[in-house]
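Asks: Heads up, the final residue of the sequence shown is numbered 557 in our numbering, and it's a clean run with no missing numbers.
Questions regarding the structure given below will be posed in turn.
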Amino acid sequence: MVIQHAEQKYLPKLDDLLHSEFEEADNSNFLSPRNPMAIPSNNGRRSSLNGFRSTPPSSNFHDLYIFDQPRIVKMALDTQSNIEWMPEYMEKLEEIGRGSFGTVHKCHDTKHKRFFVSKEINTRNFMHKDVAKNEIDILKDLNHPHIVSYHGAAINQDLIVIFLEYMSGSSLLQNLKQRGPLTEESVVKCSIQVAQGLEYIHSKDIVHIDIKCENLLLDFNHDNVKICDFGCAIRKVSNGRIAYFDAFDARIGVSAHWTAPEILTFEEFDQSADIWSAGCTIVEMLTCKPPYSRLSEDDVRASVEGRTLSYDPNDLIPSASDSMKMLLTELLQIERDKRLQSGSEVVQKFRDIFPQ
């Protein structure tokens with residue numbers, strides 16, 4: 202698809218790791234419970250990160266993380282993890298993203314000649330630690346062509362580093378900023394893949410909560426779309442709904458412009474909340490903006506609560522085809538029971554409205 206533009210039984214539990222204390226690193230440059238990660242600096246002195254010791258600078262690498270793989274597995278992964286591959290010798294290449302919870306770098310495993318992403322999260326803020334722990338807990342159980350792959354994690358007293366699949370085509374949001382809105386044909390191709398990813402995570406009773414173009418990654422040829430950023434995702438009780446206060450911490454980072462009305466109005470919610478977000482994301486693909494982007498987040502919340510905004514596709518995207526408007530009508534229903542309920546229903550609706 203080309204996008205067109207108009208030893209394991211001794212492994213500790215991750216939860217225990219996140220609440221344990223690590224002492225200052227010893228003189229070794231290899232990973233151990235006392236020296237979880239070696240990070241070179243420009244001057245060869247100790248890093249400002251507690252528990253890390255710097256190594257002498259190298260002219261061949263930028264920042265090189267040296268991993269002793271069995272030890273990093275023992276430190277970072279719990280007994281339920283099933284990781285296909287994780288980095289051993291890591292060269293940090295460039296920063297490719299930055300947010301409220303941390304920094305994302307493109308990296309290279311110099312032993313296996315493989316690119317990947319490191320997501321560094323400062324855990325001095327307890328909420329950031331919870332978000333990181335939540336993302337690891339969710340991602341380690343997922344394996345799907347349209348979900349970004351998890352390659353393990355490293356943990357220090359003040360830092361969690363999550364290793365993820367590298368997608369060379371950047372995010373869909375970056376693509377929109379560079380090339381403008383997508384054609385309907387490309388929107389359909391991208392959205393079907395997103396719906397298939399949602400179908401998979403919904404089958405595991407997971408609600409992503411934060412679907413938007415920023416959290417959709419593309420490969421080099423833009424043939425494949427993958428959902429990323431599961432820091433706000435939450436598991437629901439099978440056949441049940443999630444109470445607002447049960448998920449409060451997980452939703453701190455989400456944006457009102459893509460968030461389902463039932464979440465904004467502090468009601469119970471389920472996987473149909475992702476269907477609303479998918480509808481807003483389709484609008485974003487077609488216009489480069491989510492619905493009512495001109496309004497502040499507070500204004501969106503107030504307007505949704507007061508039912509003063511129209512999410513009729515004829516108002517949001519008058520130029521869209523009748524088929525696209527028909528689909529969006531099924532996704533953007535204020536009353537959650539009236540909209541499509543899961544990723545599988547969205548996949549089927551795409552097939553009905555846009556037969557291949």
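Yeah, the Cβ is synthetic: ideal placement off N, Cα and C, and Gly gets one too.
These numbers come from a predicted model, not from an experiment.
#1: Got a sec? Which residues, its chain only, sit under 8 angstroms from Gln270 by beta carbon, not counting five neighbours each side?
#2: Which same chain residues end up closer than 7 angstroms to Asp310 when comparing Cβ atoms and leaving out the 5 residues on each side of it in sequence?
#3: Helix, strand or coil for Asp310? Go by DSSP, reduced to three states.
#4: Let me know the secondary structure DSSP gives Tyr401 once reduced to three states.
#5: Give the DSSP-derived three-state secondary structure of Met368 in the structure shown.
#6: Between Ala457 and the rest of its own chain, which residues show a CB-CB distance below 7 angstroms, the 5 nearest in sequence each way excluded?
#7: Take Asp216 and list the residues in its own chain whose beta-carbon comes closer than 6 angstroms to its own, dropping the five residues that flank it on each side.
#8: Closest to Leu340 by CA distance: which of Lys330, Leu365, Asn323 and Asn326 is it?
#9: Please classify Met291: does DSSP put it in a helix, a strand, or coil?
#10: Quick one: residues in its chain with C-beta nearer than 6 angstroms to the C-beta of Leu517, no 5 flanking neighbours on either side, listed in chain order?
#11: How would you write the range of the alpha helix (DSSP H) that Leu340 sits in, first residue to last?
#12: What residue range does the beta strand (DSSP E) around Glu531 cover?
#13: Tell me whether Glu400 is buried or exposed, calling it buried when 16 or more other Cβ atoms sit within 10 Å of its Cβ.
#14: Tell me which residues share the same chain as Gln542 and place their Cβ nearer than 6 angstroms to its Cβ, disregarding the 5 neighbours each side in the sequence.
#15: Could you spell out where the alpha helix (DSSP H) holding Val548 opens and where it closes?
#16: Report the start-end ranges of each alpha helix (DSSP H) in the stretch 437 to 521 that is 4 residues or longer and not cut off at the edges.
#17: Go ahead and pull the three-state DSSP assignment for Leu343.
Replies: Based on what the coordinates show:
#1: Here the model assigns Gln270 a pLDDT of 41, short of 50, so the residue's position is not dependable and the matter cannot be decided.
#2: Pro288, Glu289, Tyr290, Met291 and Phe317
#3: strand
#4: helix
#5: coil
#6: Leu465, Glu498, Val501 and Arg502
#7: Confidence in Asp216 is poor, its pLDDT being 47 and thus under 50, which makes the residue's placement unreliable; the coordinate value appears in the next sentence. The answer is none, since no qualifying residue turns up.
#8: Leu365
#9: strand
#10: Val484 and Pro492
#11: Phe327 to Leu340
#12: Looking at the DSSP string, Glu531 is not in any beta strand (DSSP E); the run it does join, the alpha helix (DSSP H), is Asp523 to Leu532.
#13: buried
#14: Ser473
#15: Gly544 to Ile554
#16: 462 to 465, 473 to 488, 498 to 506 and 514 to 517
#17: coil
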